[in-house]
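Novice: In UniProt numbering, the protein residues as written are 1 to 421.
#1: Tell me the start and end of each unbroken alpha helix (DSSP H) in the region 126-177 that is at least 4 residues and wholly inside, in chain order.
#2: Let me make sure I understand the geometry here. Which of 71, 135, 238, 110 has the alpha-carbon closest to that of residue 218?
#3: Say whether the region 112-127 touches the region 153-164, bearing in mind that this needs 3 or more beta-carbon pairs closer than 8 Å, one atom from each stretch.
#4: Taking contact to mean 3 or more Cβ pairs, one atom from each stretch, closer than 8 Å, check whether the region 265-272 and the region 354-364 are in contact.
#5: Do you know offhand how far residue 111's Cα is from residue 351's?
#6: May I ask which residues mark the beginning and end of the beta strand (DSSP E) holding residue 86?
#7: Hey, how far is the Cα of residue 182 from the Cα of residue 261?
#8: Alpha helix (DSSP H) containing residue 221: first to last residue?
#9: For residue 124, which residues of its own chain have a beta-carbon under 6 Å away from its beta-carbon, when the five flanking residues on both sides are left out?
#10: Thinking residue 86 and residue 174 are a contact (beta carbons under 8 Å), I'd like their distance in whole angstroms, please.
#11: Go through its chain and collect everything with a Cβ distance to residue 278's Cβ below 7 Å, but skip five positions before and after it.
#12: Within a Cβ cutoff of 7 Å, which residues of the same chain sit near residue 82, ignoring the five residues on either side of it in sequence?
#13: At a cut of 8 Å, does the region 94-106 reach the region 126-137 through at least three beta carbon pairs?
#14: Output the distance between the C-alpha atoms of residue 143 and residue 235, rounded to the nearest integer angstrom.
#15: Specify, as a first and last residue, the run of the beta strand (DSSP E) that residue 50 falls within.
#16: Which residue comes first and which comes last in the alpha helix (DSSP H) that contains residue 382?
#17: Does the region 295-305 come close enough to the region 330-344 that 3 or more CB-CB pairs lie under 8 Å?
#18: On the CB-based measure, 16 or more other CB atoms within 10 Å of its CB, does residue 378 come out buried or exposed?
#19: Taking 8 Å as the threshold, find out whether the region 64-79 comes into contact with the region 139-154 through three or more Cβ pairs.
#20: Would you decide whether residue 98 is buried or exposed? Buried here means 16 or more other CB atoms lie within 10 Å of its CB.
#21: On the CB-based measure, 16 or more other CB atoms within 10 Å of its CB, does residue 347 come out buried or exposed?
#22: Helix, strand or coil for residue 337 per DSSP?
#23: Rounded to a whole number of angstroms, what is the C-alpha to C-alpha distance between residue 330 and residue 367?
#24: Compute the distance between the beta-carbons of residue 326 and residue 296, then report whether it is under 8 Å.
#25: Considering only their Cβ atoms, is the gap separating residue 138 from residue 190 smaller than 8 Å?
#26: Quick one: is residue 307 buried, meaning 16 or more other Cβ sit within 10 Å of its Cβ, or exposed?
#27: Considering only residues of the region 280-324, which uninterrupted beta strand (DSSP E) runs meet the minimum length of 3 residues and lie entirely inside it, listed in chain order?
#28: What is the C-beta distance between residue 382 and residue 403, in whole angstroms, given that I count them as a contact (C-beta under 8 Å)?
#29: Mind the definition here: the region 306-323 touches the region 285-296 only if three or more C-beta pairs lie below 8 Å; say whether that holds.
#30: May I have the straight-line CA-CA distance separating residue 91 from residue 293, to the nearest angstrom?
#31: Near residue 389, what residues of its chain come up, given a Cβ to Cβ distance below 8 Å and the 5 sequence neighbours on each side ignored?
#32: Tell me the residue span of the alpha helix (DSSP H) that contains residue 104.
#33: Could you have a look at residue 188 and say whether DSSP puts it in helix, strand or coil?
#34: Could you tell me which residues DSSP pairs with residue 269 in its beta bridges?
#35: Measuring only the C-alpha atoms, how far is residue 227 from residue 44?
#36: If we call anything under 8 Å between Cβ atoms a contact, is residue 146 one with residue 391?
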C-alpha cells in the first residue's frame, strides 16, 4: 500500500499571504478524515469503463501472465482499457457513502502489518469507517457545468484525490477522474476486477497516460453527442474544459497542454517536476511557459529532487501562475508531495498518529503544516484559477497577483504566488 505513498513535482511578482498552518500532529476540529466540500452542490458520481481499440494490445499486456486483468469481451486483442469516475454536482441530499474500499482495505492491512505496539481494533475500525462526501448515481443538477479532467499520480488511484475533486465539484464543476490501469493503483472495473499497479516508472507510462487523457476526452465527447437525453452528459459544457493532475500524472497534463491536439482551455498541476521523461532527470526545457492559462502548485521541497537546481524558476508567460505552498523558499518542510492527495487529511487517523510516534510524517511525504489547511489552500487556488479561465468569474487574488489567504484568524505567511506578465 505505502509503496505509492513513499514514492509517488521568470521575471515575476512574488507575494505572500496571511494564513498559518500548524503542526501536522494537530487534527482538524471535527471527526472527518476527508475535507467537507465547501460549495453549494452535493457530489454524485458515475463510473465509466473505457476501451481504446486503437491501442491493441495494451502496452502492459503480458501474454500468459495478466490476461485476467482484461475484460472477458477484450480477450481477442487485449486493447488498452481503464476507468474514469465522473464526479458531478447535485442538489439531491446524499446518503452516507463509504470511502473507496480498496484504499480502506489497503490502509487497514498496512497498519495491521506495520508492527505498531499499541495499535488497537478501534484504530482499524476508524480506518474502515472513513466516509466519502460523494454518493453514487445522485440525480444530476439540471444545469450546464464546465468539465475538468483529472490525471492522478503514478501508483495512485483517482479516488485518493477526493479532497480536491469534491472541492471543485461542489462549486459547480464536473470532474472526469482517470484511473490509469497498471500505472495507477487499484483500478476497479464494473465486473469486479481490481487491477494493481505493475508498470515500472519509465518513459512508456507517460505516453500511455497521455493517451488515456486524450482518449477519455474523445469518448466523453462522442457519448455526449450520442446520448443527448442523458442528464449527466447533457450537463457537460465541453466548450469549457480544463485539465489538472498530480505528480507524474501532472507531467502528462503539461505534455497534453503543449501538444497540437490539446482540447483544453486551462491546465493546473500539483507538485509536478521539470524532468525529461526519456531520461527521468531534470530538464530546463520543462520550465518553459505555456501558451494557455496554467497554474503550477508545488510543495515546499519541489526543487530538492531529480537534481533540480535550488534556484530553478518556471518561465511564466501571460496567464501563467506558479505557487509554492511554503512560508519561504528556505522552508522545505512545510508541505510535501502527498499533501496534494487525501493523505493530507487521512494522516489524522489514530493509526497514522501512532506510527508517527516512531516515524516522521516526512517518511510518508507529508509536511509539517496542518493537512486540512493545506487542502484549503490548494482548493482555493484550483477553484480560483478555473473560475477565472473556464467561467470568466473575477478572481481577485489572481487578478491582483496576491497570494491566497484561507484563514484570516491565523498569522504568518504560508504560500507564495508568482504571476506572469
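Just so it is clear, CB atoms sit at the ideal spot from N, CA and C, and this is done for glycine as well.
Remember, it's a predicted structure, so these values are computed and weren't measured experimentally.
Specialist: According to the structure shown:
#1: 162-169
#2: Counting from 1 along the chain shown, the entry for residue 218 is found at position 218. Of the listed residues, the one whose Cα sits closest to residue 218 is 238.
#3: The region 112-127, when compared against the region 153-164, does not touch it at the 8 Å Cβ threshold.
#4: By the Cβ criterion, the region 265-272 is not in contact with the region 354-364, since fewer than three pairs of Cβ atoms, one from each stretch, lie closer than 8 Å.
#5: Mapped onto the chain shown, residue 111 falls at position 111. Mapped onto the chain shown, residue 351 falls at position 351. Cα to Cα, the separation comes out at about 7 Å.
#6: Along the chain shown, one-based indexing puts residue 86 at 86. Its beta strand (DSSP E) spans residues 80-90.
#7: By 1-based counting over the chain shown, the position of residue 182 is 182. By 1-based counting over the chain shown, the position of residue 261 is 261. If I take the Cα positions, the gap works out to 25 Å.
#8: The count along the chain shown starts at 1 and reaches residue 221 at position 221. Element bounds for residue 221: 204-226.
#9: In the chain shown, the residue the question calls residue 124 occupies position 124. Residues of the same chain with a CB within less than 6 Å of the CB of residue 124, apart from the 5 flanking positions on each side, are 108 in chain order.
#10: To locate residue 86, count along the chain shown from 1; it is residue 86. To locate residue 174, count along the chain shown from 1; it is residue 174. Correct: roughly 7 Å between the Cβ atoms.
#11: The residue given as residue 278 occupies position 278 in the chain shown. The answer, listed in chain order, is 203.
#12: Residue 82 sits at position 82 when you count from the first residue of the chain shown. The answer, listed in chain order, is 50, 178, 179, 180, 181, 187, 212.
#13: Contact between the region 94-106 and the region 126-137 is established, with three or more Cβ pairs separated by less than 8 Å.
#14: Residue 143 sits at position 143 when you count from the first residue of the chain shown. Residue 235 sits at position 235 when you count from the first residue of the chain shown. Cα to Cα, residue 143 sits roughly 6 Å from residue 235.
#15: Reading the chain shown from its first residue, position 50 is the one you call residue 50. Taken as a continuous stretch (DSSP letters only), the beta strand (DSSP E) holding residue 50 covers 42-52.
#16: Here the question's residue 382 lines up with position 382 in the chain shown. Per DSSP, residue 382 belongs to the alpha helix (DSSP H) from 371-390.
#17: yes
#18: Residue mapping note: residue 378 aligns to position 378 of the chain shown, counting from 1. Residue 378 comes out buried.
#19: The region 64-79 makes no contact with the region 139-154: fewer than 3 CB pairs, one atom from each, lie closer than 8 Å.
#20: As a first step, residue 98 must be located in the chain shown, where it is residue number 98. Classified as exposed, residue 98 has fewer than 16 neighbouring CB atoms from the shown chains inside 10 Å of its CB.
#21: Position 347 of the chain shown holds residue 347. That one is buried.
#22: Working through the chain shown from its first residue, we reach residue 337 at position 337. Helix at residue 337.
#23: The residue given as residue 330 occupies position 330 in the chain shown. The residue given as residue 367 occupies position 367 in the chain shown. Residue 367 has its alpha-carbon roughly 14 Å from the corresponding atom of residue 330.
#24: Here residue 326 refers to the residue found at position 326 when the chain shown is read from its first residue. Here residue 296 refers to the residue found at position 296 when the chain shown is read from its first residue. No.
#25: If you number the chain shown from 1, residue 190 lands on position 190. If you number the chain shown from 1, residue 138 lands on position 138. No, they are not a contact pair.
#26: Taking the chain shown and counting its residues from 1, the one referred to as residue 307 is at position 307. Exposed, because fewer than 16 other Cβ atoms sit within 10 Å of the Cβ of residue 307.
#27: For the region 280-324, whole beta strand (DSSP E) runs of length 3 or above, ordered along the chain, are 294-298, 320-324.
#28: Taking the first residue of the chain shown as 1, we reach residue 382 at position 382. Taking the first residue of the chain shown as 1, we reach residue 403 at position 403. Going by Cβ atoms, the distance from residue 382 to residue 403 rounds to 15 Å, so no, they are not a contact pair.
#29: yes
#30: By 1-based counting over the chain shown, the position of residue 91 is 91. By 1-based counting over the chain shown, the position of residue 293 is 293. When rounded, the distance between both Cα atoms is 31 Å.
#31: Counting from 1 along the chain shown, the entry for residue 389 is found at position 389. Excluding sequence neighbours, residue 389 sits near 242, 265, 266, 293, 319.
#32: Residue numbering aside, residue 104 sits at position 104 when the chain shown is read from its first letter. Unbroken alpha helix (DSSP H) run through residue 104: 101-112.
#33: Mapped onto the chain shown, residue 188 falls at position 188. Strand at residue 188.
#34: By one-based count along the chain shown, residue 269 stands at place 269. According to DSSP, which records beta bridges pairwise, residue 269 is partnered with 245, 296.
#35: Counting from one through the chain shown, the residue named residue 227 turns up at place 227. Counting from one through the chain shown, the residue named residue 44 turns up at place 44. Rounded to the nearest angstrom, the two C-alpha atoms are 19 Å apart.
#36: For the purposes of this step, residue 146 is identified with residue 146 of the chain shown, where counting begins at 1. For the purposes of this step, residue 391 is identified with residue 391 of the chain shown, where counting begins at 1. Residue 146 is a Cβ neighbour of residue 391, given a cutoff of 8 Å.
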